[in-house]
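Undergrad: Numbering (the numbering used here), first residue to last: 22 to 396. C-beta: ideal position from N, C-alpha, C; glycine also.
1. Starting from residue 158 and walking both ways along the beta strand (DSSP E), at which residues does that stretch end?
2. Taking the C-alpha atoms as reference points, what is the distance between residue 46 and residue 98?
3. What ranges does the beta strand (DSSP E) occupy inside the stretch 216-297, keeping only unbroken runs of at least 3 residues that lie completely in it?
4. Grouping DSSP H, G and I as helix and E and B as strand, with all else coil, what is residue 348?
5. Who are the near neighbours of residue 109 in its chain, counting only those whose CB is closer than 7 angstroms to its CB and skipping five residues on each side?
6. To the nearest angstrom, how far is the alpha carbon of residue 156 from that of residue 176?
7. Are residue 223 and residue 192 closer than 8 angstroms when you measure CB to CB?
8. Which runs of the beta strand (DSSP E) at least 3 residues long sit entirely within the stretch 317-390? Give them in chain order.
9. According to DSSP, what are the bridge partners of residue 112?
10. Would you check if the stretch 316-328 and the stretch 194-205 touch, i.e. whether three or more CB-CB distances between them fall below 8 angstroms?
11. Leaving aside the five residues before and after residue 209 along the sequence, list all residues of the same chain whose C-beta is less than 8 angstroms from its C-beta, in chain order.
12. Provide the residue span of the beta strand (DSSP E) that contains residue 174, from first to last.
13. When you compare only the Cα positions, how much space is there between residue 296 and residue 120?
14. Give the DSSP-derived three-state secondary structure of residue 141 in the structure shown.
15. Return the bridge partner residues of residue 97 from the DSSP annotation.
16. Alpha carbon to alpha carbon, how far is residue 159 from residue 199? Give it in angstroms, no decimals.
17. Beta-carbon separation of residue 392 and residue 372 under 8 angstroms?
18. Output needed for residue 298: all residues of its chain with C-beta closer than 6 angstroms, excluding positions within five of it in sequence on either side, in chain order.
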C-alpha cells in the first residue's frame with residue numbers, strides 16, 4: 022500500500038485551527054459527543070459512567086472500516102481517591118476487507134491499586150495477507166498470500182503489588198484459529214488449514230510508577246513477561262515468548278508531555294506461523310501491515326510529543342523505528358524501518374482520550390481510531 026498523499030504540516034495546522042475555534046464556542050463535535058456520554062467529570066453514582074464512541078478508521082491490514090466502542094469508568098467498593106478509576110471497554114468493528122470483530126477489555130484496580138485484575142477477550146474474522154518469515158520475505162510482494170480465518174484471543178491476568186510500584190503478575194494467554202484458508206502460490210486455489218491453538222501461562226515482573234495507565238502524564242514502566250506455551254496446557258506447539266518493554270513520561274509543563282517507548286521480543290521453540298514476533302499495530306510501528314514483518318526477534322522504539330490545546334483538544338506527533346531478525350545480533354546490523362505521524366486527541370472523559378492517528382511507514386500508511394494513548 023502506497024502512503025496517502027497528505028501533508029503532516031496541513032494536518033497539524035488543521036488541528037491547531039480546530040482547537041482555537043473550540044476555545045471561543047462549542048463546536049458540533051463537542052455537542053454530538055456530549056450526547057454520546059462525553060463529559061469533563063466522572064459520575065459513578067449509578068455504577069459505571071458510560072460513553073459511546075463511533076468512528077471510522079483505515080489501516081494497511083483492514084482497509085477502510087467503522088468501529089464502535091462503549092467505554093465505562095467505575096469505582097469498586099473499596100475505591101479511594103488514591104486509586105485510579107477502573108475501566109471497561111466493549112469494542113466492535115467492521116471493515117471493507119470483510120473483517121469484523123468484537124472485544125471486551127477490562128482494567129480493575131483494587132485495594133488502593135495493590136491488586137489489578139486485567140482481562141482482554143476478542144473474537145474476530147480477519148482476511149489478511151501473509152508474506153512468510155523474515156525481512157527478506159516481507160519485502161517481496163511475490164510472497165504475499167491471502168489468509169482467512171476466525172480468531173479467538175483470551176488474556177486474563179492478575180497483578181499483585183509486593184513492593185511500592187513493583188508488581189508480579191500471573192496470567193493465561195490463549196489463541197484459537199479456525200475456519201482457516203490460505204491462497205496457494207498460484208493465487209487461484211486455496212489450502213484449508215487445520216484448526217490451531219496456543220495456550221500458555223504468563224509470568225511478569227514490572228515496575229510501574231505511571232500516574233494513570235490509559236493516559237500517563239508522568240512515571241515509568243519497566244516490564245518483563247515470559248509466556249510458556251505447552252501442549253500440556255492445550256497448545257498445539259511448545260514454544261516460549263519473552264517480552265521486554267520500557268516507557269517513560271515527562272511532563273514538560275501543563276500542556277506538554279514527552280513520552281518514549283522501547284520494546285523487544287524473542288520467540289523460541291516450535292513456533293507456529295502466527296506465533297512469531299510481529300511488527301506493526303496501533304500501539305507501535307504504526308503505519309505497517311500487522312505481520313508483514315515477522316521473525317524470532319523484534320526491536321522497536323518511538324518518541325512522542327503530546328500537546329494539549331485546551332481541556333478537550335490536543336495533538337501528538339511521533340517518530341520511531343524498528344527491526345526484525347532471526348538472530349539477536351542481526352537486529353542492529355541491518356537498516357531499521359521508520360515510522361512517524363501525527364494525531365488528534367479529544368478528551369471524551371477526564372484522562373480518557375479519543376485517539377485519531379495518521380501514520381507513515383516505509384511504503385505503507387495507516388489511519389487509526391482508538392481509545393487511550395498508543396503507549
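TA: By the coordinates alone:
1. Counting along the chain, residue 158 falls outside any beta strand (DSSP E), though it belongs to the alpha helix (DSSP H) covering 156-160.
2. Confidence at residue 46 is low in this model, with a pLDDT of 48, below 50, so its placement is unreliable and the value that follows should be read with caution. Cα-Cα distance, rounded: 39 angstroms.
3. 217-229, 240-250, 260-274 and 277-290
4. coil
5. Exclusion of the five residues before and after residue 109 leaves 69, 93, 95 and 127 as the residues of its chain whose Cβ lies within less than 7 angstroms of its Cβ.
6. Their backbone Cα atoms lie some 28 angstroms apart in a straight line.
7. Yes, Cβ-Cβ distance for residue 223 and residue 192 is below 8 angstroms.
8. 318-329, 334-346, 358-370 and 373-381
9. Answer is 90 and 124, bridged to residue 112.
10. Not touching, per the Cβ criterion.
11. Any reading at residue 209 must be qualified, since the residue scores a pLDDT of 46, below 50, and its modelled position is unreliable; the value itself is stated next. Result list for residue 209: empty, nothing under 8 angstroms.
12. 166-175
13. Approximately 20 angstroms between the Cα atoms of the pair.
14. DSSP places residue 141 in strand when its eight states are reduced to three.
15. DSSP output for residue 97 lists no bridge partner at all.
16. 24 angstroms
17. no
18. 286, 288 and 319
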